[in-house]
Amino acid sequence: MSIQPSKTEEVREELRAASSIAVLTGAGISEESGIPVFRGSDGLWKQYRAEDLATPEAFARDPRLVWEWYDWRRSRIAAARPNPAHEALVLLENHCPGFALITQNVDGLHDLAGSRHVIKLHGDIWTLRCQHCGTVKSDRRVPLPEIPPRCACGGLLRPGVVWFGEALPPAAWQAAVQAAESCALFLVVGTSAVVYPAAELPMLAKHRGAKLIEINFEPTALTPLADYSFVGKAGEMLPQLVS
Ligand code: OAD
4 MSIQPSKTEE VREELRAASS IAVLTGAGIS EESGIPVFRG SDGLWKQYRA EDLATPEAFA
64 RDPRLVWEWY DWRRSRIAAA RPNPAHEALV LLENHCPGFA LITQNVDGLH DLAGSRHVIK
124 LHGDIWTLRC QHCGTVKSDR RVPLPEIPPR CACGGLLRPG VVWFGEALPP AAWQAAVQAA
184 ESCALFLVVG TSAVVYPAAE LPMLAKHRGA KLIEINFEPT ALTPLADYSF VGKAGEMLPQ
244 LVS
């Protein structure tokens, strides 16, 4: 699939001229790095039940099972490298003073690509948090030597991610809302935009007068709201728009 030249040029001009840009990314931006997305025919939630693996109740019931799944995901992510879509966003950050990158991804590929300020709405798969003493630590070992891992205090460590039914980290959410409310352009890349509250952000931006640009492999619920919608792979589309 390719972009119509006139639309591409228009959006390139919008990106060049904008004093502030906010970007929301989802699993689709890391798909070309080899990390499975959640929804769709090959999505993780087709093979696994979120209720068994990504809720506080699931972890309380069977921490070993939950950790085995996260350990497997960590190993997939550890083998992955940022793709041209992640790299294009680094370029955009370097050229736009009022730039904010908001992600629902826990894979850390934006950091690895070189993005400097990443607002992580759903946490970070490389951090572990003690359920007993609250200590948060970074641990990139793959596989983890002990499953489920334990804190020095003896408490059970959990993945430092947000599970279904949990609140988002307040500081990250506040920063995301502020960026959405104040940007001139809001770019949405590779998200099905069905998980709230993250999915509110594009609408918030649009209501505040921002132009909405969407890049996705297929149309989503956001597509009718978008000022520009590009259907295709993020790793091909984004570099064309941000060169
Ligand atoms: P989804 O799996 O719901 O959606 C991925 C989106 O990316 C879909 O709309 C695909 O069409 C699109 N896509 C796939 N490959 C693409 C590519 N190469 N280029 C562009 N688009 C592509 O993932 P998210 O929207 O990120 O939450 O899911 C949101 C949240 O639901 C996740 O953060 C996770 C999940 O359950 C938690 O774990 C709390």
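Here the sequence shown stands for residues 4 to 246, numbered as in the working numbering.
Don't be surprised by glycine CBs; every beta carbon is placed ideally from N, CA and C.
Fair warning: this is a prediction, and the values are worked out from it, not measured in the lab.
N- and C-terminal bounds of the alpha helix (DSSP H) containing residue i
{"i": "Ser78", "result": "Pro66 to Ala81"}
{"i": "Lys209", "result": "Glu203 to His210"}
{"i": "Val180", "result": "Pro173 to Ser185"}
{"i": "Leu92", "result": "Pro87 to His98"}
{"i": "Leu115", "result": "Leu112 to Ala116"}
{"i": "Pro242", "result": "Ala237 to Leu244"}
Integer-rounded CB distance, given that residue j should sit under 8 angstroms from residue i
{"i": "Ala57", "j": "Trp166", "result": "5 angstroms"}
{"i": "His135", "j": "Leu112", "result": "Between Leu112 and His135 the Cβ distance is about 31 angstroms, and since that is not below 8 angstroms, they are no contact."}
{"i": "Asp74", "j": "Pro146", "result": "5 angstroms"}
{"i": "Gly193", "j": "Glu12", "result": "Wrong, their Cβ atoms sit about 23 angstroms apart, outside the cutoff."}
{"i": "Leu92", "j": "Ser118", "result": "6 angstroms"}
{"i": "Ile216", "j": "Ala229", "result": "7 angstroms"}
{"i": "Ile32", "j": "Leu95", "result": "The pair is not a contact, with the Cβ atoms about 13 angstroms apart (cut-off 8 angstroms)."}
{"i": "Arg67", "j": "Pro152", "result": "The pair is not a contact, with the Cβ atoms about 11 angstroms apart (cut-off 8 angstroms)."}
{"i": "Pro59", "j": "Gly168", "result": "6 angstroms"}
{"i": "Gly238", "j": "Asn86", "result": "5 angstroms"}
{"i": "Gln107", "j": "Ala170", "result": "In fact, because the Cβ distance is near 15 angstroms, the residues do not count as touching under 8 angstroms."}
{"i": "Leu244", "j": "Val14", "result": "5 angstroms"}
From the options, residue whose alpha carbon lies closest to that of residue i
{"i": "Gly163", "options": "Arg132, Gly43, Arg153 and Arg144", "result": "Arg132"}
{"i": "Pro205", "options": "Glu71, Asn86 and Leu104", "result": "Leu104"}
{"i": "Arg144", "options": "Arg76, Trp176, Ala116 and Phe233", "result": "Arg76"}
{"i": "Gly101", "options": "Tyr199, Arg19 and Ile216", "result": "Arg19"}
{"i": "Asn219", "options": "Ser23, Glu12, Ile24 and Thr28", "result": "Thr28"}
{"i": "Ala187", "options": "Lys10, Glu17 and Ser9", "result": "Glu17"}
{"i": "Ala224", "options": "His125, Glu203 and Gly46", "result": "Glu203"}
{"i": "Trp129", "options": "Gly157, Leu95 and Ile80", "result": "Ile80"}
{"i": "Arg84", "options": "Val197, Val191 and Leu115", "result": "Leu115"}
{"i": "Lys209", "options": "Ala183, Ser78 and Ser22", "result": "Ala183"}
{"i": "Pro222", "options": "Ile32, Gly212, Phe233 and Gly157", "result": "Phe233"}
{"i": "Ala30", "options": "Ala21, Arg153, Ser22 and Leu47", "result": "Leu47"}
{"i": "Ala155", "options": "Val139, Ala170 and Glu169", "result": "Val139"}
{"i": "Ser22", "options": "Gly238, Phe189, Cys99 and Arg211", "result": "Cys99"}
{"i": "Pro227", "options": "Gly37, Lys214 and Gly238", "result": "Lys214"}
{"i": "Asp142", "options": "Ser185, Ser78 and Val180", "result": "Ser78"}
{"i": "Pro39", "options": "Leu171, Trp70, Val26 and Val109", "result": "Val109"}
{"i": "Val26", "options": "Ser246, Gly43 and His120", "result": "His120"}
{"i": "Gly37", "options": "Lys10, Ala82 and Trp70", "result": "Ala82"}
{"i": "Lys10", "options": "Tyr231, Trp70 and Gly235", "result": "Tyr231"}
{"i": "Phe41", "options": "Lys236, Val198, Gln181 and Leu190", "result": "Val198"}
{"i": "Lys236", "options": "Gln50, Gly212, Arg211 and Val191", "result": "Val191"}
Where the beta strand (DSSP E) containing residue i begins and where it ends
{"i": "Lys49", "result": "That residue, Lys49, is in no beta strand (DSSP E); its alpha helix (DSSP H) goes Leu47 to Gln50."}
{"i": "Leu131", "result": "Gly126 to Cys133"}
{"i": "Leu56", "result": "Run containing Leu56: none in the beta strand (DSSP E); it sits in the alpha helix (DSSP H), Ala53 to Leu56."}
{"i": "Asn219", "result": "Lys214 to Asn219"}
{"i": "Ser23", "result": "Ser23 to Thr28"}
{"i": "Gly163", "result": "Leu160 to Val164"}
{"i": "Ser232", "result": "Tyr231 to Val234"}
Near ligand 2: residue i beta-carbon under 7 angstroms from a heavy atom
{"i": "Gln107", "result": "Only ligand 1 can be found as ligands here, which leaves ligand 2 out of the picture."}
Does the segment 116-128 touch the segment 168-178, meaning 3 or more C-beta pairs lie closer than 8 angstroms?
-> yes
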